[in-house]
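Numbering (mature numbering (1 follows the signal peptide of the UniProt record, and there is no 0)), first residue to last: -29 to -1, 1 to 1062.
A virtual CB, placed ideally from N, CA and C, is assigned to each residue, including glycine.
Take a look at the structure set out below.
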Amino acid sequence: MKIKIKMKKIISIVLALLILFSNSPLSLAMGKDSFDENTKESNSIVTTNTQEIKKGSLDEKKSESNSLDEFIQLEKSLSGNKKITIEGLRKDFSELEGEIQLEVKELNPNNGKDKEQIEIIETEMEKFIPEKSDSIKINWHHYDISILLDGEEIEPVNKLRVSFSGFDTTDLDDATKEVKVLHLNELTNEVEDKEIEIGENGVIEAEFDSFSPVTVVKVIADHPSTLKATDFVNDVKHYIEYAPGSLGKAVIDSSQILNPGRTSDAFGNIVLEHGQVITKKTATPVKGKVNTWDITVRVEGRDNIPDTTDVVLVLDNSYSMYKNKLADGRTRLQAAREAAKKFVDIALNENPNLRIAIVVYNGEVTIISGDIKQPFSQDKQALYSNIDAIKPPLLDPEKKGGTFTQAAIKQAGEILKGSSADNKHMVLMTDGFPTFSYDLDSSSWDEKIEQTELYYRPGGPFNIKDLYKKTKYYRLPEDESKIQFNYNNRVGLGTEKMSSVAYKTLKVNKNIKDVHRYTYGEYKTGTRDPNNIDLTVQAHRYHVDGEDFAREYRYSHQKSTVLEAKRLREDPNIGLDTLYAVGVGFETYTGQALGIAVRTLSGIADSGKFYDVRNAKRLTDTFKEIAKTISIKSAMRDFKIVDIMGKGFTVTDESKIKVSEGKISFDRNSETINWDIGTVTKSVAAKSDVRYAELTYRIEINDDILTLPGAKTNQHEKFITNAVTDLTYTDNKDEKKTVSIDSPKVDPVLLKVKKVLLDINGKLLNEDITFTINVTNDLKTYDESHVLSPNEDYKWRTTLRDEGTYSVDEIATPEKNYITTIKIDGEETSKFLVNHEGDIPRGDVNIEVINQELGGYELPTTGGSGNTIFRLTGLLVLAIALIIPYRKRQFRMRKVNKFFLFGTICILAGLVLFSKNLWEDYQVGKETEIIKERLEEKKVTKIEKPIDDRPDYVKNPYMEMPKTTIDGNDYIGYVIIPSLELELPVLSSWSYPKLKIAPARYEGSVYLNNMILLAHNYKAHFGKLHRLNIGDIIQFKDMNDNLFDFTVEKKEELDEIQVEEMVSGDWDLTLFTCTLSGEARTTIRCKRIEK
């Protein structure tokens, strides 16, 4: 007899030796033998050695038999004296005859399938590492072992003995604490462990039911003081560091063993070099659910080797920084000091090769971290002191009043020009736009507009300063590159306001044809004549030009400052990498002033490096972000991920998309997540130079999955979760990289239901009728009805979500008599279990509800054609009895009597049935009237109260609520909402068809103060529920006219999956309905008003 043998098993053997731990703190390290490229590609086939032994020598359970069995011993030699031996009876491998072979192959850590096995073992090994130990050294091998019968993989029937031998016995001393064999059960995904003995010559031996991944862990004690750095220099082994939160463990060079926290990788086998980036994406089934997974996208990269970096902090110290205060009482200057100190702290911690210079400015510029020859410092405390020493400026505009941003930028450029660092950055912070700039060199102008007369504007002040009389106005050149500044002459008003100096009016000769009467700023209309133009000019606007003419350009403090920054960024002698600009306090500006401030700082900064901090409280966070970006030599800059869901999958709740840092956006129409970080700064562990970015979100299936190949034909067909997951970033060589991250495949659980209709002979019967099948679960989170026509194709559903027990019921059938059989997955039952076995979900649910017509025939009892046929037949027979003899004129009494007798019987039968129908009609009607009368009596009849006159529900709150049945539906009372003018009957239980009739009870009892009511959001039902206010009254009246008063205490919206949240909490009454979108539930929480 042939036996079909299924085999797809792998043994992953992890031989773990030399695990060092003690109470003293140690550096945490693990290791692995170097991988032989030749070994990983070759397979060793060991042929069978057989001998006969008595049955029972392997397994005591076989001792009942005295027969002899063929004994199989398969052996594979490994490196050194190590061997793997597998022993068992031939019949325990297979009942088939043939050559049995052992195949051993060392796992390839760069192969996807092998990686999965390795990761499982490594995860379990962590559970057996002593928690108090900081250093552990492990040497391991991973092997793929298979048993072959005539070249095909087979699975053993019973236990096999597996031995690992040839370990160095010098390690097996009294210091040995424990040796464990970890056996991974592939069905439950649980790891079983047991302590075992170490035999002679270092043999570790155990028995296994099947070939599943196995780990052997040996723990011994030794003192770390015996270890020296030189012990590892020439060691051929590699070592691993555990990095909390990382994808896994990274192999590093042995010379780095004493430098903890320096590396990590995803898979435990890849050497993570400086600048290297690795990715991983997983789908984890959500506990207690099916068809729902948590997706994790993780990217890790090791920093580049830190370069030398010089940074100049340029801080605004104008009077406005001192005058304006935050809500917490601090001034902007105090907030700036705190932010600058945090910048110093982070930048110097992250990069030991970084130096900082600090420049402060108002009307003048000062280097406070040193001088022009030695402006940079790495001394934290000195820099802190420099920052704390920043004081408010003097208010004399001739000295330090105002904001001379252009001069500050120029000074920072001079500092950086003297720097030889690999990287150079400038960070400028200000709370406004400039009020000073350098004058323009007269050699830059094409033509001069002469000033012929200066006089006061009518109505204005009469104290114009001499400064203004000396101001000259020029026409600018068309080419901005030709503009030159006179760095010896500062122009502007500084801290003085326009209102304090008013306006001046110029009268100029009209010696340039295209002079326009408008100026940049506040316009005033002058008097125009053939020879002269009067211009009213804001005093702090010192260049006049025509707004409407292409050759004439306005210039201001803002434009001078932006031009200075632009030239600094482009100067090859300076070599600036990035210029950051931080605007703080811009919330005080409005209109044109706000626009000028934002445009000015955006023009100063490199593209995308302007930070508009409207709330000074966030200034420290902004400086922290910039400090990390500058100081961290991340292998991942300009980091962006585009993650598009695959067909058949959708994000459950976009508000719960989480990222380690950066910004995300989600487009529901395209089911696309866009994630933008910029520079990745999060470390996998303290002081680690491995950065990570992690994205997590939850997905579930939708009906589109039914259109994919294999969805309706293959059990446990797996589908890829995402169509696209593309990562783009700038690497350590400043090259743009694009990586397509592989997405996992998952196994959904689909439900299909079908109606089968058979005639009395068991043949398919096609009729134009429908049946309703209802599927519910014990958790009351699932209630779906399916209206089915007989013998059509399956109706497929993707709506299963919760694990647990489900029930199938036929709730509506045509008015015929059937024998109904429910089959689920081929078995006759009305219940099925939705669960996982390990990580594997149950297969698709196949529901068939079979209805077969009852055989035989019986007289109807409800009136209709039955008695009519009897009466018509009787009349017909009587007519024949009378007419035939008459026509033949042969009156034979014997024949007449036969016809007459038969007809009379038929008529009598019809009369009897007709009378029975009339009687049953009368009885049912009478009984209905009696019930109605009795119900009315319960409402109106005064019942003499006993001594204990408390209501029944008070004496027994666990009693079932009284019900009144109408048209087959049970009602338990009325919900009354006066503020919404609603009084609605309430059904005892809910289903989707019932909710189309009236509100229903979700669960609980009004007597137990835990009742939950739900209804559709029809206007006539709970559609206006959101209009309720805190304090509104809601009443409930049961069928005994007991009235209960409640007050609204809370309004909230719950997500559709928040079942536990809906039923939890100490609420006496809850009402809920769908929001208009259907994505959430409007929920009203109430407390009972005690009478």
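The alpha helix (DSSP H) enclosing Q305, as first and last residue numbers: R303 to E321 is the span of the alpha helix (DSSP H), which, as asked, contains Q305.
Going by Cα to Cα distance, which pick from S950, P949, S960 and P928 is closest to I943? Looking at the Cα atoms, S960 is the closest of the given residues.
Is W767 close to chain B, meaning its C-beta is less than 7 Å from at least one C-beta of that chain? The displayed structure is made up of one protein chain only, and chain B is not part of it.
Could you tell me which residues DSSP puts in a beta bridge with Q72? Answer by DSSP bridge pairing, in chain order: L119.
Endpoints, the alpha helix (DSSP H) within which H528 is located: H528 to E541 is the extent of the alpha helix (DSSP H) around H528.
Go ahead and pull the three-state DSSP assignment for T280. Strand, per DSSP.
Would you kindly work out how many angstroms separate the C-alpha atoms of G994 and K704, rounded to a whole number? In a straight line, the C-alpha of G994 is about 60 Å away from that of K704.
In the DSSP assignment, find the unbroken alpha helix (DSSP H) run with A568 in it and report its ends. It spans G562 to I575 - the alpha helix (DSSP H) in which A568 sits, taken as one unbroken run.
In chain order, what residues of the same chain have a beta carbon less than 7 Å from the beta carbon of S291, not counting five sequence neighbours either side? Excluding sequence neighbours, S291 sits near D402 and G403.
With A783 as the anchor, note down where its alpha helix (DSSP H) starts and where it stops. Counting along the chain, A783 sits inside no alpha helix (DSSP H); it lies in the beta strand (DSSP E) bounded by residues G775 to A783.
For L1047, does the count of other Cβ atoms within 10 angstroms reach 16, so buried, or fall short, so exposed? That one is exposed.
Same chain only: Cβ atoms within 7 Å of T792, ignoring 5 sequence neighbours per side: Closer than 7 Å at the Cβ level, and outside the excluded window around T792, lie E799 and I821.
For the structure I just gave you, are there three or more beta carbon pairs, one from the region 741 to 755 and one from the region 266 to 286, closer than 8 Å? No, the region 741 to 755 does not touch the region 266 to 286.
Among R303, K351 and S631, which residue has its Cα nearest to the Cα of D322? A quick correction: the sequence has Asn, not Asp, at residue 322. Measuring from the Cα of N322, the nearest candidate turns out to be K351.
Check whether the Cβ atoms of A969 and L985 lie closer than 7 Å to each other. No; because the gap between Cβ atoms is not below 7 Å, this pair is not in contact.
Integer-rounded CB distance, given that E1027 should sit under 8 Å from R1056: The distance from the Cβ of R1056 to that of E1027 is about 18 Å, inconsistent with a contact at the 8 Å cut-off.
Counting along the chain, where does the beta strand (DSSP E) carrying Y942 start and finish? Segment N940 to I948, the beta strand (DSSP E) holding Y942.
Could you give the uninterrupted runs of the alpha helix (DSSP H) lying entirely in the region 727 to 807, keeping only those of 4 residues or more? Runs of the alpha helix (DSSP H) inside the region 727 to 807: none found.
Residue of K260, S356, N460 and K251 minimising C-alpha distance to S809: Reading off the sequence, residue 809 comes out as Gly, not Ser. Nearest option by C-alpha distance: K260.
Would the region 759 to 773 count as touching the region 719 to 728 if we require 3 or more Cβ pairs under 8 Å? Short answer: they touch.
Nearest to F1015 by CA position, among H687, Y978 and M932, is which residue? Looking from the CA of F1015, the closest CA among H687, Y978 and M932 belongs to Y978.
Straight-line gap, D713 to N685 (C-alpha atoms, nearest Å): Answer to the nearest angstrom: the Cα atoms are 23 Å apart.
Quick check on DSSP: helix, strand or coil for E688? The answer is coil: DSSP assigns E688 none of H, G, I, E or B.
For the putative contact between N988 and K965, defined by C-beta atoms under 8 Å, what is the C-beta separation to the nearest angstrom? With a Cβ gap of about 16 Å, N988 and K965 do not count as contacting.
Residue from V268, V331 and L759 with nearest C-alpha to W646: Comparing Cα positions, the closest option is V268.
Determine the direct distance from the alpha carbon of T549 to that of A383, and round the result to whole angstroms. Their backbone Cα atoms lie some 13 Å apart in a straight line.
According to the Cβ coordinates, are H396 and I601 closer than 7 Å? Contact flag set, yes.
Once the 5 residues before and after K388 are set aside, which same chain residues still bring their CB inside 6 Å of it? Cβ within range, chain order: N544 and I545.
Could you please give the first and the last residue of the uninterrupted alpha helix (DSSP H) stretch that includes I601? Following the DSSP letters along the chain, one finds I601 inside the alpha helix (DSSP H) bounded by residues L590 to S602.
Report the CB separation of M607 from V270 in whole angstroms; it is logged as a contact under 8 Å. Contact check for M607 and V270: beta-carbon distance about 7 Å, within the 8 Å limit, so the pair qualifies.
By Cβ distance, which residues of its chain are closer than 7 Å to D1009, with the 5 residues on each side in sequence left out? Around D1009, the same chain offers M932, P933, I943, G944 and V977 as residues with beta carbons nearer than 7 Å, after the five sequence neighbours per side are excluded.
Bridge partners for F610 per DSSP, in chain order? Partner(s): G649.
Taking the straight line between their C-alpha atoms, what separation do you get for L951 and T643? If you take the alpha carbons of L951 and T643, they lie about 41 Å apart.
Short of 8 Å in beta carbon distance, which residues of its chain neighbour I575, apart from the five on each side in sequence? Order them along the chain. Residues of the same chain with a CB within less than 8 Å of the CB of I575, apart from the 5 flanking positions on each side, are T376, I380, L399, T532, V533, A536, L550, A552 and F581 in chain order.
Terminal residues of the beta strand (DSSP E) in which G384 lies: Residue range T376 to K388 is occupied by the alpha helix (DSSP H) that includes G384, with no beta strand (DSSP E) assigned at that position.
Output the boundary residues of the beta strand (DSSP E) element that contains residue 1110. The first residue shown for the chain is -29 and the last is 1062, placing residue 1110 beyond what the model contains.
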